[in-house]
Every structure is written in structure tokens, then in C-alpha cells.
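Step one of this worksheet: look at the structure below.
In our numbering, the protein residues as written are 10 to 203.
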């Protein structure tokens, strides 16, 4: 989930500058935290609206996707709320759905959302072909002598994960001065398209 978010947000103007703090919350505390943040609520609903795997009743959506609906359907969800060093924010919601959905907001307030489709066995496909693209990137790295994606992304998302786990343990936000990881990505997409 963090890789899904980071591969989008790292393309913001100025590139990535690192993270300063991570807060992890679950259940009612998470929902109350989000209730006080209108932009986060809007983005959560937009991301959920992209899902192909929301709960259904007799084969039909159980209700319109709203913040109140999400709160009632996923009461035990959990989230990481990440502050970047430039004031940018990332929220990772872990709810009981089986897909990766992204929603981001431009400076003008426009919401852009999509589903990062990842076929999973018993849920949309019979096999999960994760490794063919990975092997292709390894081949390109060897033959072209260049890394296929910014390794800083993995360093940063690993740091986000570790700080989130620590935040759950401490029951408090975790400052991350060591995560001043700066990088820019090229305009070229690394989407598997060959």
C-alpha cells in the first residue's frame, strides 16, 4: 500500500523530500481522527469508490460509498498518517478489501483517483504474476547498467512501515528525522508495458 501511494506522490513538484512523522491509529480512534480532517475524508471516499471488492449484500453494493458507510462497514480498520518534510501528507488505510486504490489531491483541490489493479488468485485471476515484471526489471538493470526504479522509494516506504509499527507500540506519533530521503523520478513511467 505504501509503495502504491509513494509511486504517485513522489512525482509531485520538487520530488520527494522525506518524512518527518508517522502516526498509526486503529478502530474508533482512527475514525475520529479522520472525521476531523475533511480532505482526508474526501480522499478516503474517492479511493474506496474505485474498489471492485467492496462488501456486497446478495451480489449488490450494500450502500453508497460515504465516510459514514466506511466507518460502519470497516470499524476495525487501521491507518498510518504520514507527514512529509515539505508539508505533504500521505494516509494509508488498511480496510477489509482486496485491492489497492489511490486518491490524491492537487494544489487546486482536484481529486485524482485510480485503482492499482493487482490480480490475485481466487480474486480476479488464477495466478498472480508478480515475478515476471520483477525479473524483466532485473534483466534491464543488468543489461542497461541502471536501476529500474528509485531505490530511495523502498528505503522511504520501509521507514514509513517501521515508524508505523513503532507508533502502534508507543501509542503515539513517531518522529523520523533519519528519513530525510530526497529523490526525484524521471518522467518515464516504469509501468510494465512491453
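Note that beta-carbon positions come from the ideal geometry of N, C-alpha and C, so glycine has one too.
The beta carbon of residue 72 sits closer than 6 Å to the beta carbons of 78 from its chain, once the five residues preceding and following it are set aside; these are given in chain order. Every alpha helix (DSSP H) stretch that sits fully inside the stretch 80-153 and reaches 4 residues is listed by chain position as 140-153. Spatial neighbours of residue 169 in its own chain (CB-CB distance under 7 Å, excluding positions within 5 residues in sequence) are listed in chain order as 11, 28, 31, 89, 91. The beta carbon of residue 124 is closer than 8 Å to those of 59, 60, 61, 108, 109, 110, 111 in its chain, skipping five residues each way along the sequence. Membership of residue 54 in any beta strand (DSSP E) is not indicated; the residue belongs instead to the alpha helix (DSSP H) covering 47-58. Secondary structure note for residue 30: its beta strand (DSSP E) is the uninterrupted segment 28-35.
Inter-residue distance for residue 104 and residue 87 is about 7 Å (C-alpha atoms, whole angstroms). Contact between residue 15 and residue 165 is confirmed by a C-beta separation of about 6 Å, below the 8 Å threshold.
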